[in-house]
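Structure record follows, encoded as structure tokens.
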Amino acid sequence: MNDFINSHLLSLKRNNFSFPEVELRTLLKKSAINKKEIILSNFDINNINKDLFNDAFKRRINKEPISKIFNEKCFWNLDFFVNKKVLDPRPETEFIIEGVEKYFKNKREKLNFIDLGTGSGCLAISLAKEYFSSKFIATDISTEALKVAKNNSKNHKTSNRIKFLNCDWYNGNEIFNVILSNPPYLNLKEYNNLDEGLKNNEPKVALYGGIDGLTYYRELGPILSRISNQDTISFVEIGYKQKDRTIEIFNEYGMKCIDIIVDYQQYERILVLMKKSRNNY
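The numbering of the sequence shown is this note's numbering, which starts it at 365 and goes up by one.
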């Protein structure tokens, strides 16, 4: 390998990056003029935008996530614009989409969706691309997050079917067929132990779920109950080992868990909820 590659690999190793070769290859590819495969052992330095690479490398050394450096994150095979005002879409959240596909197999059906706490808009937009006859409402308390979501919706040509609302969850009384939510669920200890690169580059409001991590499930409980009927299905992401407590919370508001979807690590990640019949209260 040439001196350029070796010196940058050494710098990454000294800054305790676990996979320096992967890090460097990614930064080079993102900065490349010709987007062909990057081979470190035979790399042509003339194939990169040097100013772009140097800036990106310095920011990565300071632990800024690559997604924030290049303002791009892939979710459900779609590229989304991201910045420090929104949470990066996580692979685990794709299990919400898989859950929706399991319970709503007819993608031509006209459904009413609501995405509570949309962030970058990745859930609503990805599902709007799949369920092309459906209408969506996507809410967020952050005006800056909604700017990002609207921009992503425009880029993916779904703006005509997604209505974005700046509000705390949802204040209306409309009944929906499908409810989606990935609320903040880190507890105080988890948030304090979070990697500094994430903590400094993602909004606390999208990560921290209160001292026990359950604050927003308590807020969501009465909302889900209010905007559901007996046929509505809700898909709610939860944190590690939060299944029992979150099910208890939703049960208090007349919601029953009908299914639990596990993620890649076999963690219980998505609660599938329906409203109890009056006979079950």
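Here a beta-carbon is modelled for each residue, glycine too, at the ideal position from N, C-alpha and C. No experiment lies behind these values; they were computed from the predicted model shown.
| query | result |
| --- | --- |
| Please give the ranges of any beta strand (DSSP E) in the stretch 523-579, keeping only runs that are unbroken, at least 3 residues long and fully inside the region. | 526-530 and 542-545 |
| Counting C-beta neighbours from all protein chains within 10 Å, is the total for residue 594 16 or more, i.e. buried, or is it exposed? | exposed |
| Could you please give me the residues that DSSP links to residue 412 through a beta bridge? | 396 |
| Taking the beta carbon of residue 457 as the centre, do at least 16 other beta carbons fall within 10 Å, making it buried, or is it exposed? | buried |
| Which runs of the alpha helix (DSSP H), 4 residues or longer, sit entirely within the stretch 606-631? | 607-616 |
| Would DSSP call residue 369 helix, strand or coil? | helix |
| Name the DSSP bridge partner or partners of residue 488? | Answer is none; residue 488 lacks a bridge partner. |
| May I ask which residues mark the beginning and end of the alpha helix (DSSP H) holding residue 381? | From DSSP, residue 381 is part of no alpha helix (DSSP H); its letter is neither H nor E. |
| Which same chain residues end up closer than 8 Å to residue 474 when comparing Cβ atoms and leaving out the 5 residues on each side of it in sequence? | 497, 498 and 499 |
| Would DSSP call residue 390 helix, strand or coil? | helix |
| For residue 451, I'd like the list of residues in its chain whose CB is within less than 6 Å of its CB, leaving aside the five on either flank, ordered along the chain. | 483, 566 and 570 |
| Since residue 503 sits in a beta bridge, which residues does DSSP pair it with? | 480 and 529 |
| Alpha carbons only, please: which of 491, 470 and 469 is nearest the one belonging to residue 440? | 491 |
| Return the chain-ordered list of same chain residues with a C-beta closer than 6 Å to the C-beta of residue 486, the five sequence neighbours on each side being excluded. | 439, 444 and 453 |
| Measure the alpha-carbon distance for residue 410 versus residue 433 and round it to whole angstroms. | 21 Å |
| With distances taken Cα to Cα, identify the nearest neighbour of residue 525 among 378, 548, 479 and 395. | 479 |
| Report, in whole angstroms, the separation of the C-beta atoms of residue 635 and residue 602, which I expect to be a contact under 8 Å. | 6 Å |
| Checking the sheet assignment: what are the DSSP bridge partners for residue 597? | 542 |
| Just to confirm, are residue 532 and residue 505 a CB contact at a threshold of 8 Å? | yes |
| For the putative contact between residue 380 and residue 407, defined by C-beta atoms under 8 Å, what is the C-beta separation to the nearest angstrom? | About 23 Å separates the two Cβ atoms, so there is no contact after all. |
| Compare the beta carbon distance of residue 529 and residue 501 with 8 Å and say whether it is the shorter of the two. | yes |
| Using alpha carbons as the reference points, say which of 423, 495, 608 and 477 lies closest to residue 527. | 477 |
| Is it a yes or a no for the stretch 421-435 touching the stretch 459-472, going by three-plus beta-carbon pairs under 8 Å? | no |
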